[in-house]
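If you're matching positions, the sequence shown starts at 540 in my numbering and goes up one per residue. Here the structure is laid out as structure tokens; the discussion comes afterwards.
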Amino acid sequence: MGPIHILGGGLAGSEAAWQIAAAGLNCVLYEMRPQRPTPAHKTDQLAELVCSNSLKSESENTAPWLLKEELRRFDSLLLRAAREARVPGGHALTVDREVFARAVSRAIEENPRIELRREEAVSIAEDAITIIATGPLTSGALAHDIGCLTGAERLFFYDSISPIVEAESIDLAIAFRASRYGKSLDGTDDYLNCPLNREQYERFVDAILAAEAVPSHIPEDNARFFEACLPIEELARRGRETLRFGPMKPVGLLDPRTGLRPYAVLQLRQENLRADSYNLVGFQNHMRFPEQARVFRMIPGLERAEFLRYGQIHRNTYINGPALLTPTLQLRTHPRVFFAGQISGVEGYVESIATGLVAGRHAVELASGAEIRAFPRETAIGSLCAYVSGADARNYQPANITFDLLPALDEPTRLRFRHDKKARHAEVCRRALEKLDEYRSVYA
Ligand SMILES: Cc1cc2nc3c(=O)[nH]c(=O)nc-3n(C[C@H](O)[C@H](O)[C@H](O)COP(=O)(O)OP(=O)(O)OC[C@H]3O[C@@H](n4cnc5c(N)ncnc54)[C@H](O)[C@@H]3O)c2cc1C
């Protein structure tokens with residue numbers, strides 16, 4: 540058996556290479572920079588952080604902390620480099636990006652089991668176990684080859700993410716359950732609907748038009764919105780009624796409190812595999828995060844909404860994971876091909892590191908003929924993998940780690956902690972780490 544191939548020396552690819560080498564196997568890591576730059580990377584270092592220098596919260600018993608803690612228990616190279624490169628950042632793990640990337644690059648370059656090839660991978664080898672980790676800015680030639688393997692319609696180049704709010708922060712005295720014309724997909728009232736009267740709608744449109752936008756890191760991003768996923772502020776700019784005839788159309792919906800059709804409606808959809816949370820349907824946007832919170836809380840029923848994720852639109856190459864991947868991140872049709880990092884359908888630095896670690900470890904299992912054991916569903920790592928391989932393929936959107944991706948607690952425990960969210964979260968973390976340690980102990 541030849542070495543394992545890893546395409547892309549970013550966050551996911553570097554972690555995957557490290558895990559493979561740590562298990563005693565050889566691998567070849569392809570990184571196209573500096574010969575071929577991307578529109579966002581500025582250096583030739585591996586594991587360059589392209590934007591913020593934050594690896595999110597280190598506060599115990601938060602979801603981002605849990606994910607990092609799980610990675611540390613598998614001796615993640617990138618989490619070790621982050622500890623070395625840490626700079627003051629309050630509750631967050633913030634790093635000096637140069638120290639971080641240098642530490643990762645040095646560890647990879649000095650490892651005799653990793654051969655680093657500074658060249659663009661343009662195709663996927665037919666006879667090697669391969670991990671594709673070329674990230675949101677995958678080069679064109681390789682993207683074409685990936686499209687041939689997955690079906691071009693399952694490879695996306697833009698990410699239009701709508702915001703997600705916590706279920707228990709929605710005011711159910713205002714939002715009502717109903718599907719348009721009573722046509723439910725699964726026999727239930729699929730949507731929660733927030734009704735707006737004319738005055739509320741007009742004020743909402745004014746607020747959207749006045750809201751501050753996020754500056755784009757990649758200049759052409761602003762100009763390349765697909766017509767099918769226009770940001771809501773662009774719809775509002777095209778005419779005051781456009782939203783009411785688009786994502787906020789009220790047809791087929793009656794407010795049970797008045798018996799009348801509202802003037803406009805925001806629909807909230809519960810995502811499968813995202814317990815306890817709702818997606819603001821069609822509300823992808825480019826507004827600054829604090830602006831989104833302020834403007835969307837003007838919608839009746841969302842006055843106290845807690846946002847788990849904000850809307851975004853950005854360049855992103857990713858596959859439709861649920862249509863293609865197993866929970867072990869292997870292509871169902873070609874199990875020797877793994878996907879990791881942003882291209883697998885996760886969102887964020889640490890999530891990319893986590894899927895790199897998963898793909899690296901499973902590639903080792905495959906290469907050595909061992910059983911490929913998916914990470915436990917109760918863990919943050921296992922929940923991310925369950926999401927990218929098992930969410931609704933029709934409306935797939937990449938995800939950051941949040942508690943709503945982890946399985947709910949059993950009913951008695953939930954009831955015990957129903958008035959104490961912190962205690963609930965602590966229990967979810969305790970359960971996750973217990974399961975992770977059981978899983979790990981098999982390797983000991
Ligand atoms: C502009 C921008 C800003 C972002 N800001 C944030 C942020 O603030 N916080 C956050 O959490 N996430 C952010 N993200 C998402 C971020 O990209 C990912 O979180 C993370 O970098 C993804 O890791 P990755 O390993 O999947 O990809 P990357 O880290 O991008 O690594 C992929 C690597 O593959 C290389 N490559 C591409 N094609 C080829 C090829 N054909 N052959 C060989 N090498 C190739 C690239 O040069 C790159 O080094 C941002 C993304 C973009 C594009």
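Glycine is no exception: its CB is placed at the ideal position from the N, C-alpha and C atoms. Keep in mind it's a predicted model, so treat the numbers as computed, not measured.
message: What would DSSP say about phenylalanine 914, mapped onto helix, strand or coil?
response: coil
Distance between valine 820 and leucine 807 (C-alpha atoms, nearest Å): 6 Å
- request: Write down the C-beta distance between valine 626 and aspartate 635 rounded to the nearest angstrom, noting that I regard them as a contact closer than 8 Å.
  value: 5 Å
query: Which class does glutamine 851 belong to by DSSP, given the choice of helix, strand or coil?
result: strand
Whole-angstrom distance between threonine 867 and alanine 560, CA atom to CA atom: 19 Å
query: Where do the N-terminal and C-terminal ends of the alpha helix (DSSP H) with histidine 901 fall, by residue?
result: 888-906
- request: Give the straight-line distance between the Cα atoms of threonine 582 and alanine 640, rounded to the nearest whole angstrom.
  value: 9 Å
- request: Tell me, please, which residues DSSP counts as bridged to asparagine 818.
  value: Ile703 and Arg808
task: Look at the Cβ atom of glutamate 845, then the Cβ atom of serine 708, and state whether they are nearer than 8 Å.
output: yes
- request: Output the boundary residues of the beta strand (DSSP E) element that contains serine 596.
  value: 593-596
message: Taking a contact to mean a Cβ-Cβ separation below 8 Å, would you say leucine 948 touches glutamate 966 in this structure?
response: yes
query: Would proline 801 pass as a contact of asparagine 736 if the rule is Cβ separation under 8 Å?
result: yes
field: threonine 1051, buried or exposed, once every other Cβ within 10 Å from all chains shown has been counted against 16
entry: Lying outside 540 to 983, the shown extent of the chain, residue 1051 is not represented and no answer is given.
task: Grab me the residues of methionine 837's own chain with a C-beta within less than 7 Å of its C-beta, minus the 5 sequence neighbours each way, in chain order.
output: Arg742, Phe743 and Ala746
- prompt: Does the Cβ of glycine 1064 lie closer than 7 Å to at least one heavy atom of ligand 1?
  reply: Beyond the ends of the chain as shown, which are 540 and 983, falls residue 1064; an answer cannot be given.
- request: Identify whether proline 870 lies in helix, strand or coil by the three-state DSSP scheme.
  value: Note that residue 870 is leucine in the sequence shown, not proline. Strand at leucine 870.
message: Between the alpha carbons of alanine 985 and serine 591, how many angstroms are there, rounded?
response: Because the chain in this structure spans residues 540 to 983, residue 985 falls outside the shown range and cannot be described.
query: Would the beta-carbon of methionine 566 be found less than 7 Å away from any heavy atom of ligand 1?
result: The amino acid occupying residue 566 in the given sequence is cysteine; methionine does not appear at that position. Cysteine 566 Cβ: outside cutoff for every heavy atom of ligand 1.
Of the residues Pro573, Phe613, Ile858 and Pro754, the one placed nearest glycine 899, counting alpha carbons only: Phe613
query: In chain order, what residues of the same chain lie with their CB nearer than 8 Å to the CB of glutamate 842, ignoring the 5 residues before and after it?
result: Asp710 and Arg836
- prompt: Should alanine 672 be counted as a contact of ligand 1 given a C-beta to heavy atom distance under 7 Å?
  reply: yes
- prompt: DSSP on cysteine 566, reduced to helix/strand/coil?
  reply: strand
message: Buried or exposed, going by whether 16 or more other CB atoms sit within 10 Å of the CB of leucine 954?
response: exposed
- request: Out of Ala803, Arg716 and Val834, state which residue places its alpha-carbon closest to the alpha-carbon of glutamate 751.
  value: Val834
message: If distances are taken between C-alpha atoms only, which option among Arg783, Trp604 and Gly552 comes closest to glutamate 587?
response: Gly552
query: Helix, strand or coil for alanine 879 per DSSP?
result: coil
message: Check whether chain C comes within 8 Å of alanine 893, counting only Cβ atoms and requiring the distance to be less than that.
response: In the structure shown, chain C does not exist; there is a single protein chain.
- prompt: Among Ala682, Glu692 and His825, which has the Cα closest to the Cα of serine 699?
  reply: His825
message: Between Pro839, Arg652, Gln584 and His756, which has its C-alpha nearest cysteine 733's C-alpha?
response: Pro839
task: Starting from the Cα of glycine 549, find the closest Cα among Asn818, Ile713, Ala893 and Gln809 and give me that residue.
output: Ala893
- prompt: Ends of the beta strand (DSSP E) at cysteine 733?
  reply: 730-735
message: By alpha-carbon positions, which one of Pro573, Asn600, Leu546 and Thr577 ends up nearest to phenylalanine 942?
response: Asn600
message: Out of Pro874, His958, Gly721 and Leu610, which one is the CA nearest neighbour of glutamate 554?
response: Leu610
query: Out of curiosity, what's the CA-to-CA distance linking threonine 865 and alanine 932?
result: 13 Å
query: Around the Cβ of serine 615, are there at least 16 other Cβ atoms within 10 angstroms (buried) or fewer (exposed)?
result: buried
task: Starting from the Cα of leucine 923, find the closest Cα among Thr797, Gly880 and Pro573 and give me that residue.
output: Gly880
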